[in-house]
Amino acid sequence: MTGTASTRAAVREDAAVREDAGAYTRAAVELIGAADPVLGDLLVTEGDRQRATLSLVASASVAHPSVFAAQGLWTDNLTTEGAPGARYHAGAEIADEIERLAEARARHAFGATAAYVQPHCGSSANHSVVMSLLKPGDTVLSLRLDAGGHLSHGAPFSLPGRYLDVVTYGVGPDGLLDHDEIRRIARERRPRLIVTGASSYPRRIDFTAFRAIADEVGALLLADISHISGLVATGHHPSPIDVAHVTTTSTYKQLGGPRGGLILLGRDADLEVRGGVPLARHLRSAVFPFLQGTPSLGAIAAKARALDLVTTDWFRGVARGIVDDARALADELAGGGHRLVTGGTDNHMVLVDLTTHGISGLAAQDALERCGIIANRNLVPRDPRPPRLGSGLRLGANALGFLGMGPGEARTCARLVDDVLGAAVAAGGQVPEPLARRVRREVAEIRERFPGPGGDLT
Ligand code: DSN
Numbered sequence: 011m012t013g014t015a016s017t018r019a020a021v022r023e024d025a026a027v028r029e030d031a032g033a034y035t036r037a038a039v040e041l042i043g044a045a046d047p048v049l050g051d052l053l054v055t056e057g058d059r060q061r062a063t064l065s066l067v068a069s070a071s072v073a074h075p076s077v078f079a080a081q082g083l084w085t086d087n088l089t090t091e092g093a094p095g096a097r098y099h100a101g102a103e104i105a106d107e108i109e110r111l112a113e114a115r116a117r118h119a120f121g122a123t124a125a126y127v128q129p130h131c132g133s134s135a136n137h138s139v140v141m142s143l144l145k146p147g148d149t150v151l152s153l154r155l156d157a158g159g160h161l162s163h164g165a166p167f168s169l170p171g172r173y174l175d176v177v178t179y180g181v182g183p184d185g186l187l188d189h190d191e192i193r194r195i196a197r198e199r200r201p202r203l204i205v206t207g208a209s210s211y212p213r214r215i216d217f218t219a220f221r222a223i224a225d226e227v228g229a230l231l232l233a234d235i236s237h238i239s240g241l242v243a244t245g246h247h248p249s250p251i252d253v254a255h256v257t258t259t260s261t262y263k264q265l266g267g268p269r270g271g272l273i274l275l276g277r278d279a280d281l282e283v284r285g286g287v288p289l290a291r292h293l294r295s296a297v298f299p300f301l302q303g304t305p306s307l308g309a310i311a312a313k314a315r316a317l318d319l320v321t322t323d324w325f326r327g328v329a330r331g332i333v334d335d336a337r338a339l340a341d342e343l344a345g346g347g348h349r350l351v352t353g354g355t356d357n358h359m360v361l362v363d364l365t366t367h368g369i370s371g372l373a374a375q376d377a378l379e380r381c382g383i384i385a386n387r388n389l390v391p392r393d394p395r396p397p398r399l400g401s402g403l404r405l406g407a408n409a410l411g412f413l414g415m416g417p418g419e420a421r422t423c424a425r426l427v428d429d430v431l432g433a434a435v436a437a438g439g440q441v442p443e444p445l446a447r448r449v450r451r452e453v454a455e456i457r458e459r460f461p462g463p464g465g466d467l468t
């Protein structure tokens, strides 16, 4: 399924499209402001905050206003439990078409043989896959949180963490995944499922190496590509679709979509799993009725819209920009004397190790926020600090790529981060107000030059 000529025309970032998108947001803001001034004020203030700041959050992208428009119409008036063609409610004929369109666009964007678009988020997608394929007490092998893993891969306080036997792997002293060590643990613990994919791993993931380990110990392999799905869809990162048994992703982190999740299958779609059911059929019912009820048709429509954009030249340019900008961020920060986990980046993310700086990740995050730069603290491998403080600062170039910034702007952003971190280290986490004012002004200037899709109202 490919986008029609009219949808493709609608992503051109020419003046007419910006005006249309701006008109949509203006109308939405006026409607909410008139109907509910309290909520309207909050929403306008949040828009102002986003426009006045620079987002270097690695797990967020910038949705085109047409994605918001697709989500915000009358689709959520429906109850449509079930799957396309097999609903438990009447009146779902068009809903079926919308969901089938989203599935077809997901298959097309990722070269998948099957795609499910109902998961409310990436964690729901992971929980559906992991909890439906395994029985309580079964062993799952996944990446430790401090090494970059995700909560839904089996953290002790997560759903899989409570009901499964979770065994973890980490990274070596160089910050890189060590496949020999992962194989050793897998041979010893014989997991039924291995999870690959990360929330804070700045390097390429070798899905083929993971599949070889999974095959050797008779495990299934789940690849969670939430952080890198835009790079995977555009060939900037190798694809796991035909390598892992199952792939999951969230749709807002790097696809410019709404908050939501996808489950994708490749060449193993017909593999027989529990009870001899083909994997593809098993996973459809792993979402409904196993984990979720009625899907959000608004979110599904918005996924369809975002997934159409993912296959355009515009998005390919965004993805190229993300990779180039992340590399420029990494080079500039490393040149400024900052220690980066793994020494650099292959994807959208840079993880600064603050352990020798004497301030926590939280202190760095707060100092940057006071200066209009939004990022988040993170654990670093073998972090001595707890997650609420962290010794790492995670930066990402997704927003830079979506807003159309190039490596020159990324270097400027890195210099601003360096200025703030330098001041914060010197003053125990504090930032002198004159410096904060200067950085906020520079951020505002950059944001003015790169307002994003939808012009000044996005
Ligand atoms: N995993 C979180 C992150 O990467 O920021 C969000 O789900």
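Heads up, the sequence shown is in our numbering, so the first residue is 11 and it goes up one at a time.
For glycine and all other residues, C-beta sits at the position ideal for the given N, C-alpha and C.
Are residue i and residue j close, meaning C-beta to C-beta below 7 Å?
| i | j | result |
| --- | --- | --- |
| Leu265 | Val328 | no |
| Pro305 | Ala157 | no |
| Ser138 | Ala296 | yes |
| Ala122 | Leu317 | no |
| Leu153 | Gly147 | no |
| Leu272 | Thr85 | no |
| Ile369 | Gly439 | yes |
| His189 | Leu230 | no |
| Glu109 | Ile310 | yes |
| Ile204 | Ala224 | yes |
| Val441 | Ala433 | yes |
| Ala44 | Phe120 | no |
Kindly list the residues whose CB is nearer than 6 Å to the CB of residue i, restricted to its own chain and excluding five residues on each side of it in sequence; keep chain order.
| i | result |
| --- | --- |
| Ser133 | Ser162 |
| Arg117 | Ala125 |
| Leu111 | Ala314 |
| Ser236 | Gly132, Thr259, Ser260, Lys263 |
| Asp24 | Note that Asp24 scores 48 on pLDDT, short of 50, meaning its location in the model is unreliable and no value can be drawn from it. |
| Asp466 | Model confidence at Asp466 stands at a pLDDT of 44, short of 50, so the residue's coordinates are unreliable; what they give is reported in the following sentence. Excluding residues within five positions, none has a Cβ falling inside 6 Å. |
| Leu281 | Leu289 |
| Ser142 | Ala296, Phe300 |
Pick out whichever of the options has its Cα sitting closest to the Cα of residue i.
| i | options | result |
| --- | --- | --- |
| Gly267 | Arg199, Ala73, Val139, Asp58 | Ala73 |
| Asn406 | Gly346, Arg447, Ala37, Arg337 | In the sequence under discussion, the amino acid at residue 406 is Gly, which differs from the Asn named in the question. Ranking Gly346, Arg447, Ala37, Arg337 by Cα distance to Gly406 puts Arg337 first. |
| Arg202 | Asp46, Leu151, Ala243, His137 | Leu151 |
| Gly382 | Glu40, Ala80, Ala45, Arg61 | Arg61 |
| Leu289 | Val54, Arg277, Trp324 | Arg277 |
| Pro396 | Gln375, Ala420, Gly418, Gly371 | Gly371 |
| Val453 | Ala424, His130, Gly411, Arg330 | Ala424 |
| Ala196 | Gln81, Thr178, Leu399, Ala208 | Thr178 |
| Arg459 | Ala165, Leu281, Glu419 | Glu419 |
| Thr366 | Leu343, Ser401, Leu186 | Ser401 |
| Ala79 | Ala33, Pro394, Gly414, Ala436 | Ala33 |
| Gln81 | Ala344, Arg269, Asp393 | Arg269 |
| Leu186 | Thr352, Ala374, Gly245 | Thr352 |
| Arg199 | Asp216, Asp46, Val176, Glu103 | Val176 |
| Thr257 | Gly416, Tyr98, Asn136, His130 | Asn136 |
| Asp216 | Arg193, Val287, Pro250 | Pro250 |
Who are the near neighbours of residue i in its chain, counting only those whose CB is closer than 7 Å to its CB and skipping five residues on each side?
| i | result |
| --- | --- |
| His247 | Arg214, Ile238, Leu241, Asn357 |
| Ala15 | Residue confidence is low: Ala15 scores 40 on pLDDT, short of 50, so the model does not pin down where it sits. Its coordinate-derived value is still stated next. No residues qualify anywhere along the chain. |
| Arg450 | Cys381, Gly382 |
| Arg404 | Ala68, Ser210, Met359, Leu361, Ala385, Asn386, Asn388 |
| Ser168 | Leu161, Ser162 |
| Arg294 | Ala93, Tyr126 |
| Thr218 | Val253 |
| Ala340 | Leu350, Gly354, Thr355, Val360 |
| Asp51 | none |
Per DSSP, which residues does residue i bridge with? Please list them.
| i | result |
| --- | --- |
| Pro288 | Glu282 |
| Asn388 | Gly402 |
| Leu272 | Thr259 |
| Ser65 | Ile384 |
| Thr149 | Asp175 |
| Met359 | Gly406 |
| Gly92 | Arg97 |
| Tyr126 | Ile273 |
For residue i, which residues of its own chain have a beta-carbon under 8 Å away from its beta-carbon, when the five flanking residues on both sides are left out?
| i | result |
| --- | --- |
| Ala70 | Tyr262, Lys263, Gly406, Asn408, Ala409 |
| Ile384 | Thr63, Leu64, Ser65, Leu66, Val67, Leu378 |
Just to confirm the assignment: which complete beta strand (DSSP E) runs, minimum length 3, are found wholly within the region 300–342?
none
Unbroken stretches of the alpha helix (DSSP H), 4 residues or longer, contained in the region 163–209:
169–173, 189–199
For the region 28–82, which segments carrying the alpha helix (DSSP H) assignment without a break, of at least 4 residues, lie completely within its bounds, in sequence order?
47–62, 75–81
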